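Notes follow once the structure below has been shown.
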Amino acid sequence: MKFTAAITLAFAASVSAYDVPSLTPDNYESVTEGKTVFIKFFAPWCGHCKKMAPDWEKLAEEWDGHAVGLIAEVDCTTEGKPLCDANGVRGFPTLKYGDPAGLEDYQGSRSFDDLATFAKENLKPVCSPANLDLCDDEKKKQIEDYMALSDDDLESKIKAEEEKLEAAEAEFKEAVTKLQADYQKLSEDKDEKIAAVKNSGLGLLKSVKASKSKTAKEEL
């Protein structure tokens, strides 16, 4: 009886799970058009992704049908892989948000409450070529200047900026590698010094002190 009830509950949970909009290169533009998005890039085998899935489904269901905000996901192991590659996804899950054509990294906590608060504060119309009325004068001028560029010039500028991001990432990794090497060397130096102190007779000194203390007590 208990076994049957457990199966029933499990089936009900699976049926009630919200079907989060799944993005691929084929539907990306049509699904995200006019939206400000919050996207989870994931891999089905990723443990952290599995743990996060129920909260992401709940959040997506809350935003279902919203005029502006969209909660979606991209499976980086199937048809969505080109989107993951294009957005520089290197780990799972990776969360990005904002203008579908210019996503930004989400760096906050991944608890449901924090995700929900972030979505509420950020999934609103943003300055973009499609929403010039939301841009300040500086951004409008920047968009106008970019619109005047040829496709080749735009691609060149995008590549140059992406190379800066790659350089920053490489610099960070190099610094971390150096820190790890320094830590290893410091740890080895510490172990050598500790061994030298012990080998110099510290143990014997303590043993002699303890012995003399014991002898002194016995003489009393």
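Under mature numbering (1 follows the signal peptide of the UniProt record, and there is no 0), read the sequence shown as residues -17 to -1, 1 to 203, first letter to last.
The beta-carbon is built from N, C-alpha and C at its ideal position, and this holds for glycine as well.
These numbers come from a predicted model, not from an experiment.
Under a three-way DSSP split, which group does residue i fall into?
| i | result |
| --- | --- |
| residue 170 | helix |
| residue 74 | coil |
| residue 19 | strand |
| residue 55 | strand |
| residue 107 | coil |
| residue 186 | helix |
| residue 119 | coil |
| residue -15 | For residue -15, the predicted structure reports a pLDDT of 48, less than 50, and the residue's modelled location is therefore unreliable. The matter cannot be settled from this model. |
| residue 138 | helix |
| residue 49 | coil |
| residue 193 | helix |
| residue 30 | helix |
| residue 37 | helix |
| residue 132 | coil |
What do you reckon, are the CB atoms on residue i and residue j nearer than 8 Å?
| i | j | result |
| --- | --- | --- |
| residue 83 | residue 8 | no |
| residue 32 | residue 25 | yes |
| residue 63 | residue 57 | yes |
| residue 40 | residue 3 | yes |
| residue 91 | residue 19 | no |
| residue 6 | residue 55 | yes |
| residue 98 | residue 38 | yes |
| residue 93 | residue 130 | no |
So residue i and residue j are in contact, right, with Cβ under 8 Å, and what is the actual spacing, rounded?
| i | j | result |
| --- | --- | --- |
| residue 15 | residue 42 | Residue 15 to residue 42, Cβ: 17 Å. No contact. |
| residue 107 | residue 159 | Actually they do not touch by this definition, with Cβ atoms about 36 Å apart. |
| residue 117 | residue 109 | 6 Å |
| residue 46 | residue 102 | 7 Å |
Tell me, please, which residues DSSP counts as bridged to residue i.
| i | result |
| --- | --- |
| residue 87 | 80 |
| residue 24 | 57, 77 |
| residue 5 | 56 |
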